[in-house]
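Residue numbers (the working numbering): 4 to 353.
Accompanying notes for the structure given below.
This is the structure in structure tokens:
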């Protein structure tokens, strides 16, 4: 009788456990479905992959929430077996959606009409599930309900908020737990990426099977410090035949490699000469044709500071126009963003 009673009790316990787990799973699944993007305006037909976007709160007290856009690998490439890559744009203050996703490594490009999209043949989501994050709060569609947050932000809090985002995001998307995970970015992400990587690494210490299964990081055209950034910029121009030997030598002699904040008049002249020698090219893709717009002719050295041009893309007008007119694109975005100032971001407030 006792054994039978215990058997019935165990069955009831298992039933409740299954019910509890099922409810929990359905809640996660519901959160995912709420973030699912079924279609973007002007999107090509039969794209063959799933995408999601939404907000993840990183600080309840201040009301800080970060916006993300997940573009999974195509179903015919097995997204369940593909790694997850977090992408961070630099600036600081550049949108990972407007730059990284829409103009660099994302699955879509925006046509010149500013209304329709076409597929990017070289999108990174062909090999990985891409998670674009607008960071820190105040950049792109990420926001804070505490105005002072936008003026007191720094690298440390940016990294801590990004980690809080990851922890909460993995709860919303539990299928990515324990998946191979990488952190990537460009420009000022030369600070963002290693600092976030350090936090993840430290938090994972001693854990055999971590939820955030961090495998490594990669950074392109990284901002490190003035010396290495100056030297690297000048050497790139010179070794790729964009400037003459004499101009390269003049830049190395006249420019203070330890600081790019206040270049000398001789350094400014050398930068002007380098600008003329390079001509109208896209400094980020020197072997392709530039965008024939006023911006491509006007904005290259950005006031003679090489590091300031790193966030620049020659054809941003199409992206801005698309985000302006595409109401469906903003369906996951907060309608009260007008209250929040932005930093280094061209997204329209409404």
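Ideal Cβ placement from N, Cα and C applies to all residues, glycine included.
Contact between residue 165 and residue 138 holds: CB atoms are separated by about 5 Å, below the 8 Å threshold. Closest by C-alpha distance to residue 175, out of 187, 57 and 50, is 57. Scanning 110, 83 and 162 for the CA closest to the CA of residue 183 turns up 83. Residue 191 carries a coil assignment under DSSP once its states are collapsed to helix, strand and coil. Here the alpha carbons of residue 264 and residue 246 stand approximately 22 Å from one another.
DSSP, read as helix, strand or coil, puts residue 149 in coil. Linking residue 202 to residue 248 through their CA atoms gives a straight-line distance of about 43 Å. Here residue 230 is exposed, its C-beta having fewer than 16 other C-beta atoms within 10 Å.
For residue 256, the enclosing alpha helix (DSSP H) has its first and last residue at 248–257. Distance from the CA of residue 178 to the CA of residue 32, rounded to the nearest whole angstrom, comes to 10 Å. For residue 182, the secondary structure class from DSSP, reduced to helix, strand or coil, is coil.
Put simply, of 239, 270, 253 and 255 the residue whose alpha carbon is nearest the alpha carbon of residue 287 is 239.
Residue range 111–113 is occupied by the beta strand (DSSP E) that includes residue 112. The Cβ-Cβ distance between residue 199 and residue 186 falls below 8 Å. Residues 169, 173, 184, 203 and 207 of the same chain have their beta carbon placed closer than 7 Å to that of residue 215, with the five preceding and five following residues left out of the count.
Classified as exposed, residue 116 has fewer than 16 neighbouring CB atoms from the shown chains inside 10 Å of its CB. Scanning the segment 89–175 from its first residue to its last, the whole alpha helix (DSSP H) runs of 4-plus residues come out as 152–155 and 158–175. Less than 8 Å separates the beta-carbon of residue 136 from that of residue 91. Residue burial is scored here from C-beta neighbours: residue 256 has fewer than 16 other C-beta atoms within 10 angstroms and is therefore classed as exposed. Within its own chain, the residues whose Cβ lies closer than 6 Å to the Cβ of residue 227, once the five positions on either side in sequence are excluded, are 193, listed in chain order. With respect to residue 147, residue 223 sits apart: the two C-beta atoms are not nearer than 8 Å.
For residue 57, the enclosing beta strand (DSSP E) stretches over residues 54–62.
Under the 10 Å beta carbon count, residue 47 is surrounded by fewer than 16 other beta carbons and is classified as exposed. Taking a C-beta distance under 8 Å as the contact criterion, residue 118 and residue 45 qualify as a contact pair.
The three-state reading of DSSP puts residue 68 in strand, counting E and B together. Rounded to whole angstroms, the gap between the alpha carbons of residue 225 and residue 157 is 18 Å.
Judged by beta-carbon spacing, residue 124 lies beyond the 8 Å limit of residue 111, meaning their Cβ atoms are not closer than that value. For residue 75, the CB contacts under 6 Å within the same chain, skipping 5 residues up- and downstream, are 52, 53, 82 and 132 in chain order. Pairing residue 101 with residue 141 gives a Cβ-Cβ distance that is not under 8 Å.
One Cα belongs to residue 260, the other to residue 42, and the distance between them is close to 48 Å. Counting only residues of its own chain and dropping the five nearest sequence neighbours on each side, residue 262 has a CB closer than 8 Å to the CB of 229. Excluding residues up to 5 positions away in sequence, 51 lie with their Cβ nearer than 7 Å to the Cβ of residue 79 in the same chain.
Going by C-alpha positions, residue 129 is about 28 Å away from residue 95. Exposure of residue 205 is indicated by the presence of fewer than 16 other C-beta atoms within 10 angstroms of its C-beta.
One Cα belongs to residue 162, the other to residue 103, and the distance between them is close to 19 Å. For residue 212, the CB contacts under 8 Å within the same chain, skipping 5 residues up- and downstream, are 181 in chain order.
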